[in-house]
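Below you'll find the structure, written out as structure tokens, and then a few comments.
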Amino acid sequence: MGRSEILILLKDIGYKPRTFRVEVTPEEMDYRGEYTVVGNANVRITVARVDIGYHLKVEGEVKMRFVCSRCLDEYVETFRFSDENILRRGEYAGDERLKDEDVESIYVERDEVDVLPIIREIFISNLPINPVCSPDCKGICPVCGLKIEDEAEHLHEEVEKTRKLGIFLEKALKEGGKQ
Ligand SMILES: [Zn+2]
Ligand SMILES: [Zn+2]
148 MGRSEILILL KDIGYKPRTF RVEVTPEEMD YRGEYTVVGN ANVRITVARV DIGYHLKVEG
208 EVKMRFVCSR CLDEYVETFR FSDENILRRG EYAGDERLKD EDVESIYVER DEVDVLPIIR
268 EIFISNLPIN PVCSPDCKGI CPVCGLKIED EAEHLHEEVE KTRKLGIFLE KALKEGGKQ
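For the sequence shown, our numbering gives the first residue as 148, with consecutive numbering after it.
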């Protein structure tokens, strides 16, 4: 069984940033999307006190199996995710505004914070919408569906003919015709 929470004690954290390294198993990551987590995520968490609470930075990397949105091949790649948040004590009061509006606030009620849901959320929000196996993947041929990289020189007439007759039949016809 995986851990259900990963707690960091906030009262031990001062203004000097502290770094924690955690390993998150695929089970603990609990991701049920269209790709596959194929290894443990190595996550670095940096926490420091700031005037309004704590600054939390999460940086992780994990091996993932993606499906290329252009050629539909599966490929495994190290996926990196990161984000930062401000942890504030107490409950959300409503209309408070941060100076830096790009940094989201998370409200914590105790002297500790469970970073596992934060890691999961950052992981999911960083996932690519249209992953590609390589930046210059040419995708599949819109006519015949072959992967263009493998069949860069293929001609359409030939492919069409081969598909219609079948390779065996065509061969048989040719050989039969010669004799
Ligand atoms: Zn591709
Ligand atoms: Zn084609």
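By construction, the Cβ of each residue, glycine as well, lies at the ideal position given by its N, Cα and C atoms.
**Message:** What I want to know is whether the C-beta of R212 ends up closer than 8 Å to one or more non-hydrogen atoms of ligand 1.
**Reply:** Result no, Cβ not under 8 Å from ligand 1.
**Asked** What are the residues that DSSP puts in a beta bridge with R158?
**Response** As written in the sequence, residue 158 is Lys, which differs from the Arg given in the question. Answer by DSSP bridge pairing: none, since K158 is not bridged.
**Prompt:** Taking DSSP as the reference, what is the three-state secondary structure of S151?
**Reply:** If DSSP states are grouped into helix, strand and coil, S151 belongs with coil.
**Message:** With a threshold of 6 Å on Cβ separation, who are the neighbours of N232 within its own chain once the five nearest residues in sequence on each side are excluded?
**Reply:** Cβ within range, chain order: L203, E251 and I253.
**Delimiting residues of the beta strand (DSSP E) encompassing E170** = Here the beta strand (DSSP E) through E170 covers R165 to V171.
**Asked** Where do the N-terminal and C-terminal ends of the beta strand (DSSP E) with E296 fall, by residue?
**Response** Counting along the chain, E296 sits inside no beta strand (DSSP E), nor does DSSP assign it H or E at all.
**Message:** Tell me whether H303, by its Cβ, gets closer than 8 Å to a heavy atom of ligand 2.
**Reply:** Correct: H303 has its Cβ closer than 8 Å to ligand 2.
**Asked** For E221, does the count of other Cβ atoms within 10 angstroms reach 16, so buried, or fall short, so exposed?
**Response** Exposed, because fewer than 16 other Cβ atoms sit within 10 Å of the Cβ of E221.
**Asked** Can you name the residues that DSSP bridges to H303?
**Response** Residue pairing from DSSP leaves H303 without any beta-bridge partner.
**Message:** Using C-beta distances below 7 Å, list every residue in its chain close to D177, excluding the 5 sequence neighbours before and after it, in chain order.
**Reply:** The residues are R267.
**Request:** Decide if G149 is buried, meaning its Cβ has at least 16 other Cβ atoms within 10 Å, or exposed.
**Result:** Here G149 is exposed. Its C-beta has fewer than 16 other C-beta atoms within 10 Å.
**Asked** How long is the line joining the alpha carbons of M211 and K285, rounded to whole angstroms?
**Response** Each residue's Cα considered, the two are about 22 Å apart.
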